[in-house]
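Reminder that position 172 of the sequence shown reads as 171 in numbering that gives the first Met the number 0, one-by-one numbering, no gaps.
Where a beta carbon is used, it is the ideal one built from N, C-alpha and C, also for glycine.
Since we're looking at a predicted model, the values are computed, not measured.
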Amino acid sequence: MQVLHRNRSVRKFVRSVKQRVNNAEQRGAVCIPETTVERNTSLPIKRAVHLQKMRSLLRRADKAEAQKKYDEAEKLYIQALTIFPDAFEAQAQLARLYLQTNRESKAVAIYQQLIQEHDNVSYYSNLGLAHFRLGQFTEACDFYNRALLKDPSSPDRCSALGRAYIAADKIEKAIPLLKKAVERMPRDTELLSDLASCYLHCGDSANARIIYSQINKLEPYNESVKQKLKELRIKES
0 MQVLHRNRSV RKFVRSVKQR VNNAEQRGAV CIPETTVERN TSLPIKRAVH LQKMRSLLRR
60 ADKAEAQKKY DEAEKLYIQA LTIFPDAFEA QAQLARLYLQ TNRESKAVAI YQQLIQEHDN
120 VSYYSNLGLA HFRLGQFTEA CDFYNRALLK DPSSPDRCSA LGRAYIAADK IEKAIPLLKK
180 AVERMPRDTE LLSDLASCYL HCGDSANARI IYSQINKLEP YNESVKQKLK ELRIKES
């Protein structure tokens, strides 16, 4: 009797559920069947394949660039960017290629995009160089200065900004930068010569003579330096 009663209760419960469902359908309710959600595994696989292909193109481009096949390297970098337009490493290598092949305007365009998202000292430095070559010395000073702020101990960044100031006719600003660079590279005669010329431009013959004397010790057969020293001694006497 207990089993019969339990079976009857179950049948009654099932009928009540069916009735509620029928009533809901009559009121306009829609029953949504259960579906199994399948995870799309194709997207990560495709991305990995594209990433591998892009890296292969970059390796081929780097090899072509080393062989001075610049047109081929450019095409390969562009192919890599077609696969991954936001791949900053490919953008940076293409910009560097443009800078190396004297296409500064194209290099500037790419580096300007890169610095919007990547705070990289080499991007600022290369932007400074590109503007310098284009004769845009104010812009060159700006980007060289940003590079120096990020790498203040570098003598190369000091000398680059100093020479940009010379080109921009801001000699007084160039002198302390060139002096700092000379402290780290005391045997760089070109750098010493730039510093001596700045002193002469500012009328500081005493310091100019000191620097020319340093150059004379490093290059004792440099006749132009000997002539400068002779002129300075006559002027001071």
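| Query | Result |
| --- | --- |
| What is the DSSP secondary structure of M53, counted as helix, strand or coil? | helix |
| In terms of alpha-carbon separation, which member of A106, E88 and S104 lies closest to R58? | E88 |
| What distance in whole Å lies between the Cβ atoms of Y69 and T100, which are believed to be in contact at a cut-off of 8 Å? | 5 Å |
| Along the alpha helix (DSSP H) that carries R186, what are the first and last residues, could you check? | No alpha helix (DSSP H) holds R186; DSSP gives it neither H nor E. |
| Please report how far the alpha carbon of Y211 lies from the alpha carbon of C201, in whole angstroms. | 15 Å |
| Quick one: what's got a C-beta closer than 8 Å to Y76's C-beta in the same chain, skipping five residues either side? | L56, L57, A60, A89, Q92, L93 and L96 |
| In whole angstroms, what is the alpha-carbon distance linking K74 and I114? | 23 Å |
| Tell me which same chain residues have a C-beta within less than 8 Å of the C-beta of Q111, skipping the five on either side of it? | L126 |
| Which of helix, strand or coil does DSSP assign to E116? | helix |
| Which whole-angstrom value describes the C-beta separation of A129 and E103, a residue pair presumed to lie in contact below a C-beta threshold of 8 Å? | 4 Å |
| Would you decide whether A108 is buried or exposed? Buried here means 16 or more other CB atoms lie within 10 Å of its CB. | exposed |
| Assign V48 to buried or exposed, taking buried as 16 or more other Cβ atoms, counted over all protein chains shown, within 10 Å of its Cβ. | exposed |
| Answer yes or no: do S196 and L231 have a C-beta to C-beta separation smaller than 8 Å? | no |
| Three-state secondary structure (DSSP) at S236? | coil |
| Compare the C-alpha of L80 against each of A63, A65 and M53 and name the closest. | M53 |
| In terms of alpha-carbon separation, which member of D150, A163 and L191 lies closest to T137? | A163 |
| K234: which of V224, L148, R208 and H117 sits nearest, CA to CA? | R208 |
| Suppose you measure from the CA of C157 to the CA of F142; what does that come to, to the nearest Å? | 12 Å |
| Going along the chain, which residues of its own chain have a beta-carbon closer than 6 Å to the beta-carbon of G161, five neighbours each way excluded? | A173, L176 and L177 |
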